[in-house]
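*Asks:*
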Amino acid sequence: MLHTSFSSKSVRHVLTFCTQISEGKKMQPKLTILKLFKNSLAPVPHQINRLLAKHLSTITQFPLTHDSPFSPESPSRLTRDPKLSDPENGNFLISPLANWVDNPTLENFKTIAAESGTGGDIDKVKGILKRHFPSEDAVVKALDESGINATNDLVSQLLERFSNQWITALGVFIWAKNQTGYVHTPRLYDLVVDILGKCKKFGIMWKVVNEMNELNGHVSFSTMSIVVRRLASSGMYKDAIDVLRGLEKYRVKKDTVALNMVMHALAKQGGAKDAYSVFLEFKDSITLDSHSFNILIHGYCEARMLDDARKTMEEMEKHGFRPDASSYTCFIKAYCKQKDFRNVEVILNKMGEKGCEPDVIAYSIYIRALGKARKINEALEVYEKMNKNSCKPDAKFFSTLIYVLGRSGRLNDAWYVFEDMENQGVSRDLWTYNAMIYHACANRQGNSALKLLERMEANSCKPDLETYQPLLKMCCKMKDMKVLKFLLSHMFNNNVRIDLSTYALLIRELAESGKLEHACFFFQDAVLNGIVPKDRTYEILLKELGQNNMVEMKGKIEKLMLQAKEQI
1 MLHTSFSSKS
11 VRHVLTFCTQ
21 ISEGKKMQPK
31 LTILKLFKNS
41 LAPVPHQINR
51 LLAKHLSTIT
61 QFPLTHDSPF
71 SPESPSRLTR
81 DPKLSDPENG
91 NFLISPLANW
101 VDNPTLENFK
111 TIAAESGTGG
121 DIDKVKGILK
131 RHFPSEDAVV
141 KALDESGINA
151 TNDLVSQLLE
161 RFSNQWITAL
171 GVFIWAKNQT
181 GYVHTPRLYD
191 LVVDILGKCK
201 KFGIMWKVVN
211 EMNELNGHVS
221 FSTMSIVVRR
231 LASSGMYKDA
241 IDVLRGLEKY
251 RVKKDTVALN
261 MVMHALAKQG
271 GAKDAYSVFL
281 EFKDSITLDS
291 HSFNILIHGY
301 CEARMLDDAR
311 KTMEEMEKHG
321 FRPDASSYTC
331 FIKAYCKQKD
341 FRNVEVILNK
351 MGEKGCEPDV
361 IAYSIYIRAL
371 GKARKINEAL
381 EVYEKMNKNS
391 CKPDAKFFST
401 LIYVLGRSGR
411 LNDAWYVFED
421 MENQGVSRDL
431 WTYNAMIYHA
441 CANRQGNSAL
451 KLLERMEANS
461 CKPDLETYQP
471 LLKMCCKMKD
481 MKVLKFLLSH
491 MFNNNVRIDL
501 STYALLIREL
511 AESGKLEHAC
521 FFFQDAVLNG
531 IVPKDRTYEI
541 LLKELGQNNM
551 VEMKGKIEKL
561 MLQAKEQI
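According to UniProt numbering, the sequence shown is numbered sequentially starting from 1.
Structure below.
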């Protein structure tokens with residue numbers, strides 16, 4: 001259970017990051033795109049910024065409790081180079097950041113991958129549900145014996161916590177429903193429907209939906225959207241279409257919104273042809289709108305069926321709808337994926353001829369693709385064209401520009417853009433911070449990346465998994481368990497959960513960095529949380545354990561993997 005609180009009081013003023021530049025040169029107060037374009041700098045080497053100051057270089061206990069057989073000690077691998085705290089080297093002064101990271105409340109952090117609990121019943125139930133249950137009836141029996149009373153809030157927390165373990169989640173749902181005086185809300189029904197659909201337990205899912213239908217008003221458009229989305233993501237296109245046909249049986253209106261919802265779910269999952277068959281079946285009985293056609297265009301473009309996309313655009317015009325920026329952007333995205341920038345320019349010119357100016361989304365997609373193709377000057381030319389066309393950039397566009405500059409090795413220019421955003425009338429958002437943190441970590445500027453995390457907190461910008469992943473990866477590579485512990489605690493304090501990809505990152509990077517006990521802990525924690533590690537992650541861990549003659553631990557991991565697969 002966490003009682004960690006992270007204050008932003010240490011943030012005294014907005015950081016300028018001019019000390020990020022390796023020579024300590026100051027940035028100009030205003031961003032000039034033309035200057036940025038003309039002064040296309042060659043990539044320059046950046047000094048490595050470590051995560052913490054010398055005075056934090058101590059041996060600390062890394063508490064891996066969580067009923068774990070793995071409880072390794074972890075020395076904090078921190079910089080011992082006194083030059084790194086010298087402001088003349090172009091690095092930040094470390095002390096304020098060290099105080100933030102070395103918050104004494106971290107001593108309360110007893111379980112690395114445990115969620116922040118609220119005490120009482122929730123912790124008691126989570127303790128009970130850590131066991132492996134062969135069926136939902138076994139879950140119900142264990143909870144009945146606990147003497148705990150169900151509440152909507154308790155059930156909601158448990159369903160979200162065990163969303164990857166359908167047996168446990170369904171057991172909780174049934175246990176609560178059976179209690180006298182308790183009634184599930186429509187949202188809780190939707191939540192369990194989503195869990196069952198995600199785990200491909202469609203027979204049970206439909207039983208729950210039919211039960212909802214008997215409770216007047218419980219089945220909603222949201223419920224059927226979940227069902228359609230889960231069926232489509234499993235490739236069950238015909239079943240998803242059948243849902244649309246039978247919507248009225250569930251007292252849900254069969255209208256344009258419902259038609260578009262089904263078409264979108266199919267097109268998104270690679271079923272563009274099936275989406276078109278739905279279109280043909282219902283176009284005479286349900287009113288169409290421009291979005292209906294754009295869904296088809298997008299689906300065909302994603303499937304690289306560009307001729308069909310063009311025919312759909314022609315049909316769109318026959319129905320009296322004028323193709324808009326979203327319509328053309330589908331083609332721009334398709335050509336960008338193929339690195340066919342000549343045809344991107346053809347589409348942009350065609351848009352101009354039709355009086356349909358590209359929007360910021362289209363420009364962002366184009367510039368990002370050029371950046372990936374290492375065409376930095378062409379990307380900046382597009383930016384200049386965008387300004388000439390009076391297309392105002394937004395925060396997501398700036399995150400794209402930061403990505404392009406960082407990817408090309410021009411980290412100083414990326415900082416330049418980041419710091420000048422507010423002068424351009426655009427506030428930094430999650431996307432922008434994530435882009436800057438990613439490139440700071442990629443260039444081993446860990447102290448700078450942590451400063452950005454601190455600034456996010458001060459500016460009430462809530463981080464997400466994408467914020468933390470590059471930071472976690474860098475800590476693992478640098479074998480800095482002290483900061484890794486801090487980051488995980490910071491994640492849980494912000495209600496950000498470790499998912500499959502993050503577990504894979506932690507296990508892989510720790511194993512390859514020689515931190516095998518820690519890698520094994522996170523493998524075990526993934527299994528305890530109902531997440532089955534990927535085969536590739538499992539193979540990497542076993543290989544490293546074998547090469548280091550850790551036979552006993554290798555055997556435990558093999559048993560854990562068998563246990564995990566039994567839960568599927």
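Positions of the beta carbon are idealized from the N, C-alpha and C atoms, including for glycine.
Could you check if Gly171 is buried or exposed, using at least 16 other CB atoms within 10 Å of its CB as the buried criterion?
*Replies:* With 16 or more Cβ atoms within 10 Å of its Cβ, Gly171 is classed as buried.
*Asks:* Which value, in whole angstroms, describes the spacing of the CA atoms of Gly299 and Asp308?
*Replies:* Rounded to the nearest angstrom, the two C-alpha atoms are 10 Å apart.
*Asks:* Measuring CB to CB, does Val128 end up less than 8 Å from Leu159?
*Replies:* For the record, residue 128 in the displayed sequence is Ile; it is not Val. Not in contact: Ile128 and Leu159 (Cβ atoms no closer than 8 Å).
*Asks:* Do the CB positions of Asp394 and Cys356 come within less than 8 Å of each other?
*Replies:* For Asp394 and Cys356, no; Cβs fall outside 8 Å.
*Asks:* Judging by CA-CA distance, which residue of Asn260, Cys520 and Leu244 is the nearest neighbour of Ile557?
*Replies:* Among Asn260, Cys520 and Leu244, the Cα nearest to that of Ile557 belongs to Cys520.
*Asks:* Work out the CA separation of Ala511 and Asn294 for me, nearest whole Å.
*Replies:* So the two alpha carbons sit approximately 46 Å from each other.
*Asks:* In angstroms with no decimal places, state the Cα-to-Cα distance between Ser427 and Asn459.
*Replies:* Roughly 10 Å separates the two Cα atoms.
*Asks:* Tell me which residues share the same chain as Ile361 and place their Cβ nearer than 7 Å to its Cβ, disregarding the 5 neighbours each side in the sequence.
*Replies:* Within the same chain, Ile361 has close Cβ partners Thr329.
*Asks:* How would you label Leu56, buried or exposed, when you count the other beta carbons within 10 angstroms and need 16 or more for buried?
*Replies:* Low confidence applies to Leu56: its pLDDT is 24, below 50, so where it sits in the model is not reliable enough to give any reading.
*Asks:* Does the segment 228-241 come within contact of the segment 206-220, defined as at least 3 CB pairs closer than 8 Å?
*Replies:* Because the criterion of three Cβ pairs below 8 Å is not met, the segment 228-241 and the segment 206-220 do not touch.
*Asks:* Based on Cα-Cα distance, which residue from Lys273, Val257 and Gly271 lies nearest to Leu288?
*Replies:* It is Val257.
*Asks:* Tell me the DSSP secondary structure of Gln179 in three-state form.
*Replies:* Of the three classes helix, strand and coil, the one that applies to Gln179 here is coil, per DSSP.
*Asks:* So who's on the other strand from Gln269, going by DSSP bridges?
*Replies:* Answer by DSSP bridge pairing: none, since Gln269 is not bridged.
*Asks:* Under three-state DSSP, which class holds Asp464?
*Replies:* Residue state, collapsed to three classes: coil.
*Asks:* Excluding the five sequence neighbours on either side, which residues of its own chain have a C-beta within less than 6 Å of the C-beta of Phe282, listed in chain order?
*Replies:* These residues qualify, in order along the chain: Leu259.
*Asks:* Taking the beta carbon of residue 570 as the centre, do at least 16 other beta carbons fall within 10 Å, making it buried, or is it exposed?
*Replies:* Any property of residue 570 remains undetermined from this structure, which presents the chain solely from 1 to 568.
*Asks:* Here's the rule: buried if 16 or more other CB atoms are within 10 angstroms of the residue's CB, otherwise exposed. What is His490?
*Replies:* By the neighbour-count rule (16 or more Cβ atoms within 10 Å), His490 is buried.
*Asks:* In terms of DSSP beta bridges, what is Gln547 paired with?
*Replies:* Gln547 pairs with nothing; no bridge assigned.
*Asks:* Whose CA, out of Met553, Gln547 and Cys336, lies closest to the CA of Lys372?
*Replies:* Comparing Cα positions, the closest option is Cys336.
*Asks:* What three-state label does DSSP hand Lys559 in the structure shown?
*Replies:* Helix.
*Asks:* Rounded to whole angstroms, how far is the Cβ of Leu247 from the Cβ of Met224, which I believe are closer than 8 Å?
*Replies:* That belief holds up - the Cβ atoms of Leu247 and Met224 are roughly 6 Å apart, short of 8 Å.
*Asks:* Can you tell me whether Asp340 is helix, strand or coil according to DSSP?
*Replies:* If DSSP states are grouped into helix, strand and coil, Asp340 belongs with coil.
*Asks:* Counting Cβ pairs closer than 8 Å, one from the segment 543-553 and one from the segment 173-189, do we hit at least three?
*Replies:* Contact between the segment 543-553 and the segment 173-189 is absent, because fewer than three Cβ pairs lie under 8 Å.
*Asks:* Among the candidates Phe398, Leu430, Trp431 and Asp429, whose CA atom is the shortest distance from the CA of Tyr416?
*Replies:* Ranking Phe398, Leu430, Trp431 and Asp429 by Cα distance to Tyr416 puts Phe398 first.
*Asks:* Determine the DSSP secondary structure at Ser68, reduced to helix, strand or coil.
*Replies:* Caution applies to Ser68, whose pLDDT of 36 falls short of 50 and renders its modelled position unreliable; the value that the coordinates give is listed next. Here Ser68 sits in coil by DSSP.
*Asks:* Does the distance from the C-beta atom of Phe522 to that of Leu542 stay below 8 Å?
*Replies:* Cβ distance not < 8 Å, so Phe522 and Leu542 don't count as in contact.
*Asks:* Where Lys9 and Leu450 are concerned, what is the direct C-alpha to C-alpha distance, given to the nearest angstrom?
*Replies:* The predicted position of Lys9 is uncertain, since its pLDDT is 35 and thus under 50; no value can be drawn from it.
*Asks:* Hey, Ala431 and Lys396 are a contact pair by Cβ (cut 8 Å); roughly how many whole angstroms apart?
*Replies:* Inspection of the sequence shows that residue 431 is occupied by Trp rather than by Ala. Sure, about 5 Å apart at Cβ, within 8 Å.
*Asks:* So, is Pro533 buried or exposed, given that buried needs 16 or more other C-beta atoms within 10 angstroms?
*Replies:* With 16 or more Cβ atoms within 10 Å of its Cβ, Pro533 is classed as buried.
*Asks:* Where are the alpha helix (DSSP H) runs, 4 residues long or more, that stay fully inside the UniProt domain "PROP1-like PPR" (372-517), in chain order?
*Replies:* List check, alpha helix (DSSP H) in window: 376-388, 395-407, 411-420, 430-442, 446-458, 465-478, 481-493 and 500-512.
*Asks:* I need the boundaries of the alpha helix (DSSP H) containing Met316, first residue and last residue.
*Replies:* Met316 -> alpha helix (DSSP H) spans Leu306 to Lys318.
*Asks:* Do you know offhand how far Asn91's Cα is from Lys482's?
*Replies:* Confidence in Asn91 is poor, its pLDDT being 33 and thus under 50, which makes the residue's placement too unreliable to answer from.
*Asks:* Ordered along the chain, which non-local residues of its own chain (more than five positions away) have a Cβ less than 6 Å from that of Gly197?
*Replies:* Met205 and Arg230, listed in sequence order.
*Asks:* Distance check for Lys554 and Leu560, CA to CA, integer angstroms please.
*Replies:* The straight-line gap from Cα to Cα measures roughly 10 Å.
*Asks:* So, at 8 Å on beta carbons, what are the nonlocal neighbours of Asp464 in its own chain, with the 5 sequence-adjacent residues on each side left out?
*Replies:* Contacts found: Leu430, Asn434 and Val496.
*Asks:* What is the DSSP secondary structure of Asn260, counted as helix, strand or coil?
*Replies:* The answer is helix: DSSP assigns Asn260 an H, G or I state.
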